[in-house]
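Visitor: Structure in structure tokens, see below.
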Amino acid sequence: MSKFFVKRATEEFIGWHGTNSNTWAVWEEAGYLKKPWAWLDIIRQSRSGGSGADQELGEGVYVTDSLTTAEAFANINAGQSHNANTYGVVCAIFAKDESEWVWSIPKVWLPSNLIGDSSNALKHKQYNDYRNQWIERVFPIDAYGIDPKDVVRFAPLDHRRGSPPSQLVIPSAWTSRFHARCVRAGGGYLPAGVPHGYEHLDYQSKISPWQIQTKPCA
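Below you can see the structure in the form of structure tokens.
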């Protein structure tokens, strides 16, 4: 009798997300990066107190290559009034399938002039439009069939200073392809599965290994 073996996908650690214990519970139960991230977990919301001027790479779940940065955001997040009775957690974010992450999920490194957001609705739309127009030059729709808003975006966390640390945003179209393992922020130990020495990644060093595109096709 023939035997068939199904090869199990190998996960890939892609960075850190600082959040609160309520979001951790949602993600743990769902097994993927399920909402409420859209209103609780924009990693840069602390810069403006959640005013709306937070999504400087676009909509999605924000991840950083620095554990220290994620811990700081976790504690700020849990301390906000709408997150009362929670505590800060840091989550190791994993792509469920390393091969899919590298070869199938489209990724770009944004130029500095496309990093930004505004609480003004018109300016917010302009930022998104400019980003999407540039991304469409990297992945032309007629050639790739990819919606620009569904592309993972990388950039320095502080584009005025450069990298590291850096950040990425996972658009909602892909959040089901990632999961999180979380621990209490500042507890002195790491979530299971984080490779030794990977407390601080460097996304710039991943441009080639992760197939991150940096320039338009034309």
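Numbers in my numbering are just positions in the sequence shown, counted from 1, shifted up by 97.
C-beta atoms are modelled at their ideal positions from N, C-alpha and C, and glycine is treated no differently.
These figures come from a predicted structure and were not determined experimentally.
1. Would you call S263 buried or exposed, if buried means 16 or more other Cβ atoms sit within 10 Å of its Cβ?
2. Label T116 either buried or exposed according to how many other C-beta atoms from any shown protein chain fall within 10 Å of its C-beta, with 16 as the threshold for buried.
3. Hey, how far is the Cα of S143 from the Cα of Y241?
4. Mind checking which residues open and close the alpha helix (DSSP H) that includes E109?
5. Hey, quick one: how far does the beta strand (DSSP E) through V187 stretch, first residue to last?
6. Specify whether the segment 215-235 and the segment 122-132 touch according to this definition: at least 3 beta carbon pairs, one from each stretch, less than 8 Å apart.
7. Taking its Cβ as the centre, do 16 or more other Cβ atoms sit within 10 Å of I309, making it buried, or is it exposed?
8. Decide if R258 is buried, meaning its Cβ has at least 16 other Cβ atoms within 10 Å, or exposed.
9. Which value, in whole angstroms, describes the spacing of the CA atoms of G185 and V235?
10. In three-state terms, what does DSSP make of I267?
11. Since Y159 is in the alpha helix (DSSP H), which residue starts that stretch and which ends it?
12. Measure the alpha-carbon distance for N172 versus W121 and round it to whole angstroms.
13. Of all the options A106, P203, F110, which has the alpha carbon lying nearest to the alpha carbon of L287?
Guide: Quick look at the numbers:
1. S263 is buried by the Cβ-count criterion.
2. Taking all protein chains in view, the Cβ of T116 is crowded by 16 or more other Cβ atoms within 10 Å, so the residue is classified as buried.
3. Legend: pLDDT at S143 = 40, less than 50; position of this residue unreliable, no value from coordinates given.
4. Careful: E109 lies outside any alpha helix (DSSP H), inside the beta strand (DSSP E) at 109-117.
5. In the DSSP annotation of this structure, the continuous segment of the beta strand (DSSP E) that includes V187 starts and ends at 185-192.
6. No: fewer than three Cβ pairs fall under 8 Å.
7. Buried is the call here.
8. With fewer than 16 other Cβ atoms from the protein chains shown falling within 10 Å of its own Cβ, R258 counts as exposed.
9. When the Cα atoms are used, G185 and V235 turn out to be separated by approximately 37 Å.
10. Under the three-state reduction of DSSP, I267 is assigned to strand.
11. DSSP places Y159 in no alpha helix (DSSP H) but in the uninterrupted beta strand (DSSP E) bounded by 158-161.
12. So the alpha carbons of these two residues sit roughly 14 Å apart.
13. Measuring from the Cα of L287, the nearest candidate turns out to be F110.
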